[in-house]
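Student: First residue of the sequence shown? That's 301 in my numbering, and the numbers climb one at a time after it.
Got a structure for you, written out below as structure tokens; questions coming shortly.
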Amino acid sequence: MSTPIPQADCATNNDEIMFDEQQDYIRSLERPSVPASPLGASAFFEVNKDEDQEMQTLESAPETELGFGERFSKEEEARLLSQSNCCRLSGNCLFTSSLFLAALDAYNLALSHCPLYLTVEAATIHNNISAVHLRLQNYAEAVKAASKALDGRPGWSKALYRRAKGREGVGGWTSLQGAYDDYLALLEKGGEGLSEKEKRDLKEKVRWMPGRIDEARERETHEVVGKLKDVSQNPRLIQ
């Protein structure tokens with residue numbers, strides 16, 4: 301039996317929330333036999349126009365014959381998607397109320413109900429999970445979740461930005477270089493799909509991250525050289 305997800309007040313705004321989920325909700329209502337979520341439209345905030353247009357483009361793309369997981373009947377798919385949407389929207393409310401662990405449970409439950417071949421819907425949930433892990437400072441998990449979101453929606457700016465933030469949080473030469481590459485990819489797209497605050501942050505990251513990468517490379521190289529020197533002077537360390 302699934303653990304009930306507590307309901308939370310959705311009135312608090314938060315820059316990290318998935319603004320483009322209103323369109324996901326509308327798309328779910330357009331599917332046959334999908335009941336409206338009990339949370340209703342009050343669970344949403346302002347929608348970014350670029351992301352709204354992006355979702356419409358994805359909706360018009362033809363669905364491939366091959367996908368992940370079993371394909372259910374239309375009725376069963378609608379039922380599962382309705383359950384998934386309900387859990388996801390509850391997760392949004394919990395997130396904006398700073399109940400991050402509860403939000404993570406809600407998003408994971410939403411993912412368990414979502415048919416995996418519905419790649420756009422699944423990607424949205426994975427991206428929400430990434431946002432939670434960023435707030436919990438679980439940076440490695442944030443990277444994993446954002447990468448899964450990008451598997452379902454390649455090039456998605458929101459997921460790319462969150463993966464960059466996660467890689468930056470992980471730190472180290474390799475992760476920082478990966479974060480910088482993600483930031484550059486976003487900059488080449490003109491920050492499309494990001495908020496104005498995120499666009500300003502993006503420009504700052506691209507400006508000063510090369511110096512941080514150089515520092516990390518020099519530090520790690522120095523550590524490796526030091527360890528090799530210790531081994532050469534004391535062969536017993538190899539055992």
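Just so it is clear, CB atoms sit at the ideal spot from N, CA and C, and this is done for glycine as well.
With a threshold of 16 other CB atoms inside 10 Å of the CB of D514, please say whether the residue is buried or exposed.
Tutor: Exposed, because fewer than 16 other Cβ atoms sit within 10 Å of the Cβ of D514.
Student: For V506, name the three-state secondary structure that DSSP assigns.
Tutor: Three-state DSSP puts V506 in a helix.
Student: Does the stretch 509-523 come within contact of the stretch 470-479, defined as at least 3 CB pairs closer than 8 Å?
Tutor: Yes, the stretch 509-523 is in contact with the stretch 470-479.
Student: Name the residue from R379, G493, L409 whose alpha carbon lies nearest to the alpha carbon of S390.
Tutor: For S390, the nearest C-alpha among the options comes from L409.
Student: In chain order, which alpha helix (DSSP H) runs of at least 4 residues are fully inside the stretch 422-457?
Tutor: Within the stretch 422-457, the complete alpha helix (DSSP H) runs of at least 4 residues are 439-452.
Student: Buried or exposed for P415, please, with buried defined as at least 16 other CB atoms from any protein chain shown within 10 angstroms of its CB.
Tutor: Classification for P415: buried.
Student: Rounded to whole angstroms, what's the CA-CA distance from G466 to V420? Just pull it up for me.
Tutor: Cα to Cα, G466 sits roughly 21 Å from V420.
Student: Given a cut-off of 8 Å, decide if R435 and A446 are closer than it, judged by their beta-carbon atoms.
Tutor: Against a cut-off of 8 Å, the Cβ pair of R435 and A446 comes out as no contact.
Student: How is the alpha helix (DSSP H) around S390 delimited, first residue to last?
Tutor: Element bounds for S390: 374-396.
Student: Along the alpha helix (DSSP H) that carries N408, what are the first and last residues, could you check?
Tutor: Counting along the chain, the alpha helix (DSSP H) containing N408 begins and ends at 400-413.
Student: Assuming L394 and I429 form a contact by the criterion Cβ under 8 Å, report the distance between their Cβ atoms to the nearest whole angstrom.
Tutor: Not really, about 13 Å apart at Cβ, beyond 8 Å.
Student: Excluding the five sequence neighbours on either side, which residues of its own chain have a C-beta within less than 6 Å of the C-beta of S360, listed in chain order?
Tutor: Low per-residue confidence applies at S360: pLDDT is 37, beneath 50, and the placement is therefore not dependable enough to give any value.
Student: Can you grab the Cα-Cα spacing for the pair P332 / F372, in whole Å?
Tutor: Legend: pLDDT at P332 = 42, less than 50; position of this residue unreliable, no value from coordinates given.
Student: From Y407 to N427, what does the alpha carbon distance come to, in whole angstroms?
Tutor: So the alpha carbons of these two residues sit roughly 10 Å apart.
Student: Using a Cβ-Cβ cut-off of 8 Å (strictly less than) and excluding sequence neighbours within five positions of G472, which residues of its own chain qualify?
Tutor: Contacts found: A516, E520.
Student: Quick check on G511: buried or exposed, where buried means 16 or more other Cβ atoms within 10 Å of its Cβ?
Tutor: Exposed, since its Cβ has fewer than 16 Cβ neighbours within 10 Å.
Student: Whose CA, out of L401, A422, A485, lies closest to the CA of L380?
Tutor: When only C-alpha atoms are compared, the closest one is A422.
Student: With DSSP collapsed to three states, give me the class of E492.
Tutor: E492 falls in the coil class under three-state DSSP.
Student: Nearest-angstrom Cα distance between L267 and E375?
Tutor: Past the edges of the chain, shown from 301 to 539, lies residue 267, and the structure says nothing about it.
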